[in-house]
Amino acid sequence: MRSVLLITLVGAVGIVYGNVVSPTGLENDHHASVDQTEPSSTGSNQVIDVENTAMIDHDSLLNNDTISDITGNDHLDGNMESEEDPTAMSMLASPGQIVQMHNIRRARHQVGPVRWNANLANYAQRWANQCHYGHTNDPRYGENIAMGLPTWESVMKAWSDDEEGLFNFQSGGFSVATGHFTQIVWKGTSMVGCAAQRCARGIYFVCEYAAPGNVRGQYRQNVFPRRY
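Quick note on numbering: the sequence shown equals residues 1 to 228 in UniProt numbering.
Structure, rendered in structure tokens:
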């Protein structure tokens with residue numbers, strides 16, 4: 001499942017949504033979105049792209065063995081040329097710092113910590129290195145991507161802090177405005193791996209999650225209000 005949020009300094013960009021069905025037959029709560037606006041990294045009309053996908057397949061939830069099976073090239077097809085050698089791009093934050101940013105937010109919402117998984121991180125890096133802004137569309141994990149923001153702190157703010165207040169904890173359920181937040185604090189997610197790559201249109205941030213969140217009918221069991 002996928003949602004897209006595009007933010008500009010001069011107004012919101014229109015988006016179109018359509019249903020996606022998971023390989024297991026369960027309906028996914030994120031919807032496919034279509035928007036032809038290209039990310040831009042300069043000027044007052046800068047577009048910040050933030051996307052989330054969390055396709056569900058409960059028969060193939062990742063563990064350390066199965067994650068190692070998804071680090072191949074079979075579906076990588078970049079079309080945005082990288083500005084530099086991928087290995088030269090700094091993560092901009094250490095794995096521990098990225099995990100901490102996730103776990104601070106998860107603790108606020110009464111769920112346990114995630115741990116870093118190197119195979120998921122390698123997979124995220126391989127995708128980010130392509131500088132192809134879009135989703136891998138692999139059904140086995142959740143995925144957040146962003147471009148046009150400068151740091152992991154700003155990315156996490158866009159994905160989580162800016163969406164938290166929009167989520168209805170009483171009714172639960174999916175909202176196109178809160179899918180990144182609910183993936184980050186999803187109780188059933190236990191592993192994360194992230195990467196960043198400097199591309200022609202800005203820094204490309206990618207995080208992969210296992211098990212994926214945003215499963216229809218499971219919000220009340222996985223997304224909780226803040227603990228004050």
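For glycine and all other residues, C-beta sits at the position ideal for the given N, C-alpha and C.
Coil, strand or helix - residue i by DSSP
{"i": "residue 123", "result": "helix"}
{"i": "residue 221", "result": "helix"}
{"i": "residue 114", "result": "coil"}
{"i": "residue 176", "result": "coil"}
{"i": "residue 138", "result": "coil"}
{"i": "residue 168", "result": "coil"}
{"i": "residue 109", "result": "coil"}
{"i": "residue 150", "result": "coil"}
{"i": "residue 93", "result": "coil"}
{"i": "residue 99", "result": "helix"}
{"i": "residue 130", "result": "coil"}
{"i": "residue 155", "result": "helix"}
Residues near residue i in its chain [Cβ-Cβ closer than 8 Å; skip 5 each side]
{"i": "residue 151", "result": "92 and 93"}
{"i": "residue 227", "result": "107, 108, 109 and 110"}
{"i": "residue 168", "result": "175"}
{"i": "residue 224", "result": "109, 110, 111, 169, 185 and 187"}
{"i": "residue 218", "result": "188"}
Strand pairing of residue i, partner residues [DSSP]
{"i": "residue 196", "result": "205"}
{"i": "residue 191", "result": "115 and 210"}
Nonlocal neighbours in the same chain, by C-beta distance under 7 Å from residue i, ignoring five residues either side
{"i": "residue 213", "result": "54, 142, 182, 183, 186, 188, 189 and 222"}
{"i": "residue 178", "result": "163, 166 and 167"}
{"i": "residue 113", "result": "103 and 106"}
Proximal residues to residue i (C-beta, below 6 Å), its chain only, five neighbours per side dropped
{"i": "residue 203", "result": "196"}
{"i": "residue 173", "result": "219"}
{"i": "residue 206", "result": "124, 127, 128, 145 and 195"}
{"i": "residue 101", "result": "156"}
{"i": "residue 95", "result": "116"}
Environment of residue i [buried if 16+ CB atoms lie within 10 Å]
{"i": "residue 171", "result": "exposed"}
{"i": "residue 145", "result": "buried"}
{"i": "residue 165", "result": "exposed"}
{"i": "residue 115", "result": "exposed"}
{"i": "residue 98", "result": "buried"}
{"i": "residue 20", "result": "A caution first: residue 20 carries a pLDDT of 28, below 50, which makes its placement in the model too unreliable to give a value."}
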